[in-house]
Structure formats: C-alpha cells, structure tokens
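Enquirer:
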Amino acid sequence: MRQLILSLMLSLSVFTVEARVEAYHFDDPAKEARYKQLIDELRCLVCQNQNLAASNAELAQDMRRLTYEMVSEGATNEEVVLFMVERYGDFVLYRPPFKTSTALLWVGPFIMLAIGVLVLVVFVRRRSVGETPELDAQDHERAKRLLDDKKI
Amino acid sequence: MKARYLAPLGIFVLLVIFLGIGLTLNPRDVPSVLIDKPAPRFTLPDLFDPARTVSAADFDGEVWLLNVWGTWCPECWREHGFLMHLAKNEGIKIVGIDWRDERAAALEMLRDEGNPFVAVGFDPESVAIMDWGVYGAPETFLIDRSGNIRWKHTGALTPTLWREKLQPLVVKLKEQSL
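If you read the sequences in order, they're chains A and B.
Under our numbering, the residues of the first sequence are numbered 1 to 152, in order.
Under our numbering, the residues of the second sequence are numbered 1 to 178, in order.
In structure tokens:
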C-alpha cells in the first residue's frame with residue numbers, strides 16, 4: 001500500500017514538471033541533454049528572474065522553440081548562445097562573460113570577502129592586545145582568594 | 001572614540017546610496033546590442049494582403065521607425081494616437097510589425113483607430129521579432145539611411161521623448177545623405 005502511494009506521488013510530481021514546458025522530441029539524447037542545459041542557462045527577458053526552462057512567458061516559449069530548432073539542426077551550444085547574445089545582449093546569460101562592465105560583478109564578492117577578513121583580523125588583534133592586562137602580586141592574591149571562595 | 005560610533009552610520013549611508021541607485025534603475029531597460037548595427041532583414045506577410053510581403057529592404061535609403069505592436073498590448077493602444085500624430089503631422093515613416101496577433105483584430109484596430117503605418121508586417125510566430133531582440137511591445141527602433149539601427153525605445157513613445165530624443169536625432173539623420 002505504502003509503495004503504491006509512493007509511486008503515485010512520484011508519477012504525479014513528474015506530471016507537474018512536464019506540464020509546464022512543451023515536449024520536444026529529439027532524435028539524439030545528447031541533443032536533448034544540450035537543449036536542457038541551454039534552457040537552464042539562458043535567461044528569460046520578460047520574467048527576469050527566471051531561466052527559459054522555468055518561464056511561462058510567451059517570449060520564453062519562442063526562445064525555447066528557437067533553441068530546439070537550432071540544437072536539433074546540429075548547432076553547437078556556443079552557436080546557440082552567440083545567436084541569443086547577438087540579439088539580446090549579455091543579459092540573456094545567467095553566467096555573463098568577464099568584461100569591464102561585469103568586472104565588479106565577478107570580483108565584487110571577493111573584494112567584500114577581503115574587506116571582511118581584514119576587519120576581522122584588525123578586530124581580533126586589537127582585542128587580544130587590549131585584554132591581557134599586567135597582573136601584579138596583589139592581583140594574583142585577589143584572584144586566588146576569589147577562586148578559593150568559589151570552592152566553598 | 002567618536003569615529004567608532006560614526007562607522008555604522010557611514011556604512012548605513014553607503015548602503016542607502018547603493019540601494020537607492022538600485023531602486024531607481026529600470027530592470028526592463030535592457031541595453032540593446034543592436035544600436036549602430038545593421039538592422040536585421042525581415043520579410044513578413046503583409047497584414048492587409050497576405051499574398052504580398054513587407055520587407056526591411058523596401059525602406060533602404062530612408063530614415064524610418066520600426067514599431068512592434070499587437071492588439072493584446074495595452075500600451076500599444078495608448079501609444080497609437082501619438083503614432084498617428086507622428087505619421088500625419090511630422091511626416092515620419094513608420095513601419096509596423098504586428099506581433100503574436102490575430103489578423104482580424106489587428107485590422108479592426110487600424111480601421112477604428114486609424115493607420116499610422118506605411119506598411120505592416122504580420123508576425124504571429126515571432127519569426128522576425130527574435131532577430132530584432134524584441135522582448136516586449138511596444139518597442140520602437142530608428143533606422144538611418146544606410147540601414148543601421150540608431151536608437152531604440154522599449155515602451156510607448158511619448159511627446160516628451162519625441163521632443164527630447166527622437167526628433168533631434170531624426171532631423172540629424174535626415175540631413176545625412178547616403
């Protein structure tokens with residue numbers, strides 16, 4: 001019984017995934033894999049936070065169809081990406097190339113990390129210097145008394 | 001000692017500035033890669049007469065606007081009156097591409113609201129649209145005499161936009177000979 005329910009749920013989940021994207025048939029599984037990879041990496045311009053695979057926008061449908069046509073006609077991944085970039089710019093890429101305009105995007109996180117590490121180092125150093133006070137005999141005596149008190 | 005308390009304030013102000021810049025940017029304003037590049041060629045069936053075609057080559061040597069529209073797009077209805085004005089009173093040659101539309105609905109709209117276009121290509125399957133990098137409607141391109149795209153606008157054309165950007169450019173381009 002449990003197995004039945006489980007298999008039912010599994011098959012249902014498959015349906016929901018497939019229902020969204022129109023089914024394209026490829027003669028070659030390698031092409032299908034490339035198609036899936038491409039629509040995963042290309043960005044929809046209408047729903048800007050979605051890739052082509054996830055978007056229901058009509059433009060995304062058109063772009064998927066075009067990707068399908070190009071891939072099934074034997075275009076390489078680079079050719080498809082170039083085709084899209086020539087028309088829509090680097091904007092269609094979820095992984096934009098390294099250029100002067102995208103330098104901050106790529107290097108930014110590392111700069112932030114460096115600043116964070118620097119702040120941390122300075123902070124820790126300052127603190128460790130400040131918190132080792134010199135103890136004279138009197139302090140030791142007091143500390144010993146306090147520690148002994150606690151034992152009772 | 002004071003600097004230590006000012007530091008968070010400084011960071012906060014910096015953050016506000018950056019977020020402020022981010023908020024005022026328009027994410028729809030995707031820079032077109034086609035500016036100053038040759039306008040993509042297209043040949044589409046004529047909206048009025050499917051037996052004929054409308055082609056970008058028909059307008060070689062002229063300064064013209066390409067306007068992508070559809071009856072499903074509310075902004076296009078809003079923009080329509082101004083396109084009529086541009087065509088009638090400013091003598092601008094506007095070529096339309098009717099995108100993802102129903103022929104009958106498009107014809108009805110042009111009959112009722114007037115037709116600002118010198119020619120309209122019918123593109124229900126997004127054949128030409130993709131080459132122009134169009135991702136929404138309305139979108140308008142300005143093409144110069146040598147067939148290069150010189151300007152692009154996403155969204156409806158407005159009198160302000162016309163006065164400040166488009167008109168000076170059109171005047172300049174029209175002065176240039178081939």
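Cβ coordinates follow ideal geometry from the N, Cα and C atoms, glycine included.
Considering only residues of the segment 92-172 of chain B, which uninterrupted alpha helix (DSSP H) runs meet the minimum length of 4 residues and lie entirely inside it, listed in chain order?
Expert: 103-113
Enquirer: Enumerate in chain order the residues of its own chain whose CB-to-CB distance from Lys-31(A) is below 7 Å, with the five nearest sequence positions on each side excluded.
Expert: Same-chain partners within the cutoff: Val-71 and Ser-72.
Enquirer: Arg-52(B): which of Phe-59(B), Thr-43(B) and Asp-60(B) sits nearest, CA to CA?
Expert: Thr-43(B)
Enquirer: Give a yes or no on whether the minimum CB-CB distance between Pro-124(B) and chain A is below 7 Å.
Expert: By this cut-off, Pro-124(B) is not an interface position.
Enquirer: What span of residues does the beta strand (DSSP E) with Trp-64(B) cover, start to end?
Expert: 64-69
Enquirer: Chain A beta carbons: is any one of them nearer than 7 Å to that of Pro-74(B)?
Expert: It does not; no Cβ of chain A falls within 7 Å.
Enquirer: Look up Pro-29(A) in the DSSP assignment and say whether it is helix, strand or coil.
Expert: helix
Enquirer: Alpha carbons only, please: which of Asp-90(A), Ala-23(A) and Asp-27(A) is nearest the one belonging to Leu-42(A)?
Expert: Taking each of Asp-90(A), Ala-23(A) and Asp-27(A) in turn and checking the Cα distance to Leu-42(A), the smallest one comes out for Asp-90(A).
Enquirer: Can you find the residues in the same chain that come closer than 8 Å, C-beta to C-beta, to Ser-55(A), ignoring five residues on each side of it along the sequence?
Expert: Cys-44, Val-46 and Cys-47
Enquirer: In terms of residues, what are the limits of the alpha helix (DSSP H) holding Trp-24(B)?
Expert: Inspection of the sequence shows that residue 24(B) is occupied by Thr rather than by Trp. Here the alpha helix (DSSP H) through Thr-24(B) covers 2-24.
Enquirer: Measuring CB atoms only, is the segment 125-138 of chain B touching the segment 52-69 of chain A, in the sense that at least three cross pairs come out at less than 8 Å?
Expert: yes
Enquirer: Over the uninterrupted beta strand (DSSP E) stretch that includes Val-54(B), give me the two end residues.
Expert: 53-55
Enquirer: Could you tell me the alpha carbon to alpha carbon distance between Leu-34(B) and Leu-142(B), rounded to whole angstroms?
Expert: 11 Å
Enquirer: Tell me the DSSP bridge mates of Leu-42(A)?
Expert: Leu-93(A)
Enquirer: Could you pull the DSSP bridge partners for Pro-40(B) from this structure?
Expert: Looking at the DSSP assignment, Pro-40(B) forms no beta bridge with any residue, so it has no partner.
Enquirer: Could you compute how far the alpha carbon of Gln-176(B) sits from the alpha carbon of Leu-105(A)?
Expert: 40 Å
Enquirer: Starting from the beta carbon of Ser-32(B), find every residue of chain A whose beta carbon is closer than 8 Å, and list them in chain order.
Expert: Gly-89
Enquirer: Can you tell me whether DSSP reads Asn-89(B) as helix, strand or coil?
Expert: helix
Enquirer: Determine the direct distance from the alpha carbon of Val-13(B) to that of Arg-163(B), and round the result to whole angstroms.
Expert: Inter-residue distance for Arg-163(B) and Val-13(B) is about 37 Å (C-alpha atoms, whole angstroms).
Enquirer: Go ahead and label Thr-76(A) buried or exposed: buried means 16 or more other beta carbons lie within 10 angstroms of its beta carbon, across all protein chains shown.
Expert: exposed
Enquirer: With H, G and I counted as helix, E and B as strand and the rest as coil, what does DSSP make of Asn-77(A)?
Expert: helix
Enquirer: Kindly confirm or deny that the segment 115-123 of chain A and the segment 59-67 of chain B touch, where touching means at least three C-beta pairs closer than 8 Å.
Expert: no
Enquirer: Could you tell me the alpha carbon to alpha carbon distance between Pro-96(A) and Ile-94(B), rounded to whole angstroms?
Expert: Spanning the two alpha carbons is a distance of roughly 35 Å.
Enquirer: Gly-147(B) CB to nearest chain A CB: under 7 Å?
Expert: Output row for Gly-147(B): interface = no.
Enquirer: Which first and last residues belong to the alpha helix (DSSP H) in which Gln-61(A) is found?
Expert: 58-72
Enquirer: Considering only C-alpha positions, which residue in the set Val-54(B), Gly-70(B) and Ala-87(B) is nearest to Gln-167(B)?
Expert: Ala-87(B)
Enquirer: Whose C-beta lies closer than 8 Å to the C-beta of Val-85(A) among residues of the same chain, with five residues either side of it excluded?
Expert: Here the set comprises Val-92 and Leu-93.
Enquirer: Would you please state the rounded distance, in angstroms, between the beta carbons of Asn-67(B) and Thr-160(B)? I believe it to be under 8 Å.
Expert: Not confirmed; about 18 Å, so no contact.
Enquirer: Kindly confirm or deny that the segment 72-88 of chain B and the segment 146-157 of chain B touch, where touching means at least three C-beta pairs closer than 8 Å.
Expert: Two segments are said to touch when three or more pairs of C-beta atoms, one from each, lie closer than 8 Å; by this definition the segment 72-88 of chain B touches the segment 146-157 of chain B.
Enquirer: Which residue from Ala-104(B), Asp-49(B), Val-120(B) and Trp-151(B) puts its Cα closest to that of Ser-32(B)?
Expert: Trp-151(B)
Enquirer: Indicate the three-state DSSP secondary structure (helix, strand or coil) for Pro-109(A) in the structure shown.
Expert: helix
Enquirer: To which residues of the same chain is Leu-37(B) closer than 8 Å at the C-beta, ignoring the five residues directly before and after it?
Expert: Note that residue 37(B) corresponds to Lys in the displayed sequence, not to Leu. If we look at Lys-37(B) and ignore the five residues flanking it on each side, its Cβ neighbours are Asn-148 and Ile-149.
Enquirer: Taking Cβ-Cβ distances shorter than 7 Å, what residues in chain B pair up with Asp-62(A)?
Expert: Ser-126 and Met-130
Enquirer: If you drop the 5 nearest sequence neighbours on each side, which residues of the same chain put their C-beta closer than 6 Å to that of Gly-121(B)?
Expert: Spatial neighbours of Gly-121(B) in its own chain (CB-CB distance under 6 Å, excluding positions within 5 residues in sequence) are listed in chain order as Leu-44, Val-54 and Ile-97.
Enquirer: Quick one: measure Cβ to Cβ for Trp-69(B) and Pro-8(B), integer angstroms, because I've assumed they're closer than 8 Å.
Expert: Cβ-Cβ separation between Trp-69(B) and Pro-8(B): approximately 51 Å, too far for a contact (criterion under 8 Å).
Enquirer: Is the CB-CB distance between Arg-100(B) and Pro-124(B) below 7 Å?
Expert: Closer than 7 Å, so yes.
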